[in-house]
Each structure stands twice: as structure tokens, then as C-alpha cells.
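Protein chains in written order, with numbering that gives the first Met the number 0: chain W, 0 to 327; chain X, 0 to 327. Presented below is the structure to which this report refers.
There are 2 protein chains.
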Amino acid sequence: MKKFINEPENLEAEVTRGLVLSQPGILRQLPDSNVIVRQKLKTDRVSVVFGCGSGHEPAPSGFVGYGMLDAGIPGKIFSSPTPDMILKGIKEVQNQAGVLCLIANYTGDVLNFRMAMDLAQMENIPVESVIIADDVATLKNKSVGRRGLAGVVLVMKIAGAEAELGSDLYRVKEIAEWAASGLRTIGVASRPCVIPADGDPSFELGEQEMEIGMGLHGEPGVLRCNMMGARETVQQMLEMILLDCNYEKSEVVVLINGLGGTPPMELYAVNECVHQYLQEQDIVIHDTMIGNYMTSMEMGGFSISLMRLDPHLKALYDAAAVTPIIRR
Amino acid sequence: MKKFINEPENLEAEVTRGLVLSQPGILRQLPDSNVIVRQKLKTDRVSVVFGCGSGHEPAPSGFVGYGMLDAGIPGKIFSSPTPDMILKGIKEVQNQAGVLCLIANYTGDVLNFRMAMDLAQMENIPVESVIIADDVATLKNKSVGRRGLAGVVLVMKIAGAEAELGSDLYRVKEIAEWAASGLRTIGVASRPCVIPADGDPSFELGEQEMEIGMGLHGEPGVLRCNMMGARETVQQMLEMILLDCNYEKSEVVVLINGLGGTPPMELYAVNECVHQYLQEQDIVIHDTMIGNYMTSMEMGGFSISLMRLDPHLKALYDAAAVTPIIRR
């Protein structure tokens, strides 16, 4: 297995410590856990937390800091964080203003967050949640709904900025839901990652194949085909987004998220195609984020997210943030 | 070839436009070229420029902006920028305060920069250069000297910050040379990248092999061996750095640079090992940068750089910067 790691069974802990060591002024690790919180917790404002499986670094904890998350709660590789760890994070950051949990829409994540929130409420902690389901490749009518993909990062930015304004819990929840309602993502994968515990690839793809719509854990997509050029790939992907949500004449943020094994060169080439296509559709781009924000270890591929802005969302998106990954 | 690109012959231009489109407030592309300069050029301070082959994105132009570079000049894939493009960059950013060229030590880069600087001097543009040769894996006594690796990014930060202070050309050059004198880097590779023009891998490595000391273009390293864990790999690499330069009791910046195909998870795991090892050696870490700063397209692997700080270098390192990649 060609990974620069140590024993797979300690990987999540090592990754957590490695991240905290890189930004000790911003991050603090809770004892006996991989939960990371802000060094300087707010005491009078709504707290925002997010958790997801390990293997998606820098998510969740690379976005902990001023203007974004108060706590990042990782699970084991590609597994939801456990209810006790989520509760640990909630209890550490809670104050009388309450806690908003952002949840990427996966069955395990939703169940575990709900359980932790029930336990928090029994301790009289005001807690609310917003479920993010931005993946247009998942059918709407499936009972579990759509998956949460890299667009979650944009909702963290919005919710964190609204919380910094001193808004109450219901307002922060409302604005996060509003941002999520105008958020769509589609992914494409070209190479699997290797699961550290067993050394197996996360999925199989032919030598020349790619798959549009594949999920962050190798969940099936909607179109498996031979590798296409960046322009054609982007066109296929954006067509799926625009069929699902009308962004015409809207102002949007574009997030081009590398899955871990796809380098900046390709993401920049993709970005030119995204800009060209959106301009032809009369969609105005306020800002573009390009990089590894929510990866699948070393998986090849990327996702494109669009988030609609209104003047208030734009101000929140532009607001200051000081996290390991996003700084404004 | 599993790359999300269009025609290989237009790749450098597409990548340049994709980067500029992502940060139109910071970057401006010069007509008929892939040279990128700051949107708001300084008119009374020393300008700092850097150029290198394409394929190393976000270098060179991801570091253009306040507090770092005034111009980024890419060549073709893995090829030095041509003298006419370097001259174009120099002429665009020059003012009476002069221009400092940072050059990674490769024969082609040094020759082409020297030619461009000669031409600039004939036009009465004050121009100086600093050659950065941070790779401890290259033998000191080879006639061409050591290669320049990702440590160049740290010298950009130092030189750019000194230039923002309003120092004269000789002072900016002196401080960049001083920073470079305490800078060492060592790389390791686990997977080759594919050269777009011919679809060939940049080098061959066995299924289970890695190579310590390999260069950014697949130049031979010093130790080819079976994949080791992160701890052992880091120990081997740091031993080579510390044999070459004594950092004991020094304060340093650590840069862990992904080569493009190695995800944040592994870089964080590596970082914990780096911190543990340096602490044992009585070396104080002021700050740690982790990410894709100077890649080799999708090559697997990473490099570790250490740069010694004194109080002035520390202030320059910490000073504000507003570029697509580095923000303070």
C-alpha cells in the first residue's frame, strides 16, 4: 500500500495530532478523542459544529477557527463520528446561545448526530441541526435523500459568519438552510483510493474510465464512460446541476474541490471550462475556490459546487475567517 | 491518460487562464503570454519575480500578490520559462526601485533568467537575482550545484515581505540570500506523474518502492527502497537535512509540500512525525505549512523543508500576504 502513514489502526489519531500541531494557535484537541475545537471559544454566541468520517481531510477540522466551525468531529475512516464523540464536541463548545450541527446527509451521520443532539437536549443544551444534501447525482425520490458533498464547506462559511454576527440559534439555522437550498454539487472520479485497513481500492474503474456522479466513498454515480476532456466533462457535470436548479442571472460562488489525488494543474484547467460554461449561461461568478477541501484520501477526480448568493449571503461569504484552510 | 485536461498543446495557457479566473481581484495575465502579474503593481518598491516550468502549480503564479511575488512566469511543462517571457515579466513590473529575480537552481532556469536579466540591464532596468538550491539530496560538489525545490516558496515570502517594507534592491537580495542560506529541503516520491505530451510516466518505480531524494521532475534520488511507514520515512529524510545543516536550538519554519497526488491525510500524518523528530532534536518550530505548494502534477510523495529564522526573518515570515494560496 503506497501511503505515507504508520499503523492503520492509529491513523485517525495521528492525522488529528498532525493537523493540530500545524496550527496550535487556532486548534485545540480534546483529551482522549480526535475532536478539535477552537483555541479561543466564544462564550456568548451560537457555536457551529460539523463532523464526518476521516479520510476527507482537511474536513472536518481544517475549517475550525474564527468565522467558521467551533468544533470538528471526525469518525473512523469513511465512518460517521460516534454519538459520544459528537456529544463531547457539543458539550465543549456549548454556551447559553446554543449549538448548530451541520450534517452531511448520510444515514449514519444523521442517526448519530440525532442521538447526540437528543442527549445534549437532555442536558438542557439548545441544539439545532441543518442537513446538507447537495449532490445532484443522487435521485431525489430515494428515501434517504441526496448525499452531502463538498458544498458543506460553503455552508460552514455562511453559518460561521452569521454566528460571528451574534445572531440567535434560529437565525443561524435559517441562514444555513437558506444557503443550502441554493447549493448543488456534482462529482466525478477517475481513480479509487485505497482503504488503509484492508489495502483494497474503494471501487473499480477501467484503465480509461471515469464516472460522473460518484460519491465521496465510491458510491455509484450516474454515468460511467471513457475519460473525456476537461471541457466535455465540465459540460456534462454542469448540465446536471443546471437541470436540477435554475441559476440563470444569479450570482454564485463556485467551489472546485479536488478529491485528493488530482493536482492543482487539472483543477485550474477545469476552472477555465467552468467559467466559460457559466458565462454562456448568464450566471455571474462572485468568487471561485479551488483546492482540496473535502477529499477521499488519494481518490482521483473532483467536484463542482455552485451556491447562489443574495446580498446577505454574499456579505457572509466574504466575511473574515481564520482557519487552517480558509483565511479572509 | 487519466487527466482532466483538454489538448496537451494548450495546457499551459488553459491552466494560466483558469488560475487568473479564480482570483481576478489579485491576478492579471499579460497579453500573448502566460505571465501573471499583480493587479495592483507597486510603483515605488522593489519587485520580486519567480518563474519555473508548468506542472508545478500553484507555483509560480499562485504566489503572486501583496507581500510575495509581483510576477509569476511559467514555462512549458517541466521546462524553464523562455528569456523573452522572463523579460516580459520583468519589464511589466519594473520601476526605478528595481527587480529581484528568484531562480530555482536548474541549468535551464539559470541560463534563461541570466539572458533575460542581461537584456533588462541593457534597457537600464536595475535587476538582481538570488539562486535557490535547497535540495540536500543533490551532491554539493556537482558542477551545477543543488536543485531548487519547494523551499523556494519560503524565500518568496521573505523577499516579498522585505520588498513591501520599502527596502532597496540590495537589501531585498541580501535578505533573500540570508533566508536561502538557512533553508534545506528533501523530497520523496512514491508514484510518477504522466507527461501530457506523450502520456509517458516521468519515472519508473516498483509496486512497493519509494525513492528518497527524487527531484521535482523525477531526477534520481539517493535511496530507493520498499515503502516505509511515515515515521521511518521522515526520520531518514530529516537525518539527511540535519547532517547537512545544524538546526539545533534554532527556531524554524517547516514546510510539508505535497507533490500533487498525495492527500492532506498523509501530509498530516507525516507532520506529526516531523514535529516529534524535531522536538527530540531540540529544534523549535515557529510555524508549519502543509499543502500542495510546488507539485509535480499528480506525482505521489512530498518534501520537507526547514528554514531557520532570526527575529527579522520571523517578522517577514509572519507579515501580511494576500495571494491565491498564502494569506496572512
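The C-beta atom is built at its ideal place from N, Cα and C for all residues, glycine as well. In this text, all values refer to a predicted model and were calculated from it rather than measured experimentally.
Taking the Cα positions, S189/X is about 15 Å away from E231/X. Taken in chain order, the unbroken stretches of beta strand (DSSP E) that lie wholly in the region 173-206 of chain W and span 3 residues or more are 182-190. Proximity of R37/W to chain X, defined by a Cβ-Cβ separation below 8 Å, is not satisfied.
For C51/W, the three-state secondary structure derived from DSSP is strand. Membership of R37/X in the beta strand (DSSP E) is indicated by the continuous run 35-37.
Contacts with chain X at 8 Å (Cβ-Cβ) do not include M155/W. DSSP, read as helix, strand or coil, puts N256/W in strand. Q207/W is classed as exposed because its beta carbon has fewer than 16 other beta carbons within 10 Å across all chains shown. Taking C-beta atoms as the reference points, S53/X and P30/X fail to come closer than 8 Å.
Spanning the alpha carbons of G61/X and A179/W requires a straight line of approximately 30 Å. Identification of residues in the region 254-274 of chain X having a C-beta nearer than 9 Å to some C-beta of chain W yields I255, G257, L258, G259, G260, T261, P262, P263, M264, E265, L266, Y267, A268, V269, N270, E271, C272, V273, H274, given in sequence order. Look at L237/X: its C-beta is not under 8 Å from any C-beta on chain W. The continuous beta strand (DSSP E) containing D286/X extends over residues 283-290. When secondary structure is reduced to three states using DSSP, V14/W falls in the helix class.
Linking M296/X to E297/W through their CA atoms gives a straight-line distance of about 14 Å.
Under the DSSP assignment, N94/X falls outside any beta strand (DSSP E); it carries neither an H nor an E label. Close CB contacts of S78/W within its chain, under the 6 Å cut and outside five residues either way in sequence, are with G52 (chain order). Per DSSP, reduced to three states, the secondary structure at K2/W is coil, with no helix or strand assignment. When secondary structure is reduced to three states using DSSP, C244/X falls in the coil class, being assigned neither helix nor strand. Here DSSP, grouped into helix, strand and coil, assigns A115/W to helix.
For L305/W, the enclosing beta strand (DSSP E) stretches over residues 299-308. Fewer than three pairs of CB atoms, one per stretch, sit closer than 8 Å, so the region 192-200 of chain X makes no contact with the region 14-33 of chain X. Using a Cβ-Cβ cut-off of 9 Å, S201/W is close to nothing in chain X; its nearest Cβ partner there is about 13 Å away. In this structure, the alpha-carbon of I76/X lies about 16 Å from that of F49/X.
Any Cβ of chain W closer than 8 Å to the Cβ of L305/X would place that residue at the interface, and such an atom is absent. Contact note: V14/X reaches chain W through M264, Y267, A268, using a C-beta cutoff of 7 Å and chain order.
For A70/W against V19/W, the beta-carbon gap comes to about 13 Å, at or over 8 Å, which does not count as contact.
Burial of Q93/W is indicated by the presence of at least 16 other C-beta atoms within 10 angstroms of its C-beta. Residue-level contact by beta carbon holds for K2/X and chain W, with a gap shorter than 8 Å. With the rule of 3 Cβ pairs closer than 8 Å, the region 279-295 of chain W counts as touching the region 145-160 of chain W. Just so you know, the alpha carbons of D199/W and K2/W end up roughly 12 Å apart. Counting only Cβ-Cβ distances below 8 Å, R326/X has contacts in chain W at R326, R327, in chain order. A residue is called buried once 16 or more other Cβ atoms fall within 10 Å of its Cβ, and A58/W is buried on that count. Secondary structure note for K75/W: its beta strand (DSSP E) is the uninterrupted segment 70-76. With a beta-carbon spacing of about 16 Å, T261/X and F202/X fall beyond the 8 Å limit used to define contacts. Within chain X, no residue has its CB atom less than 7 Å from the CB of A70/W, the nearest being about 18 Å off.
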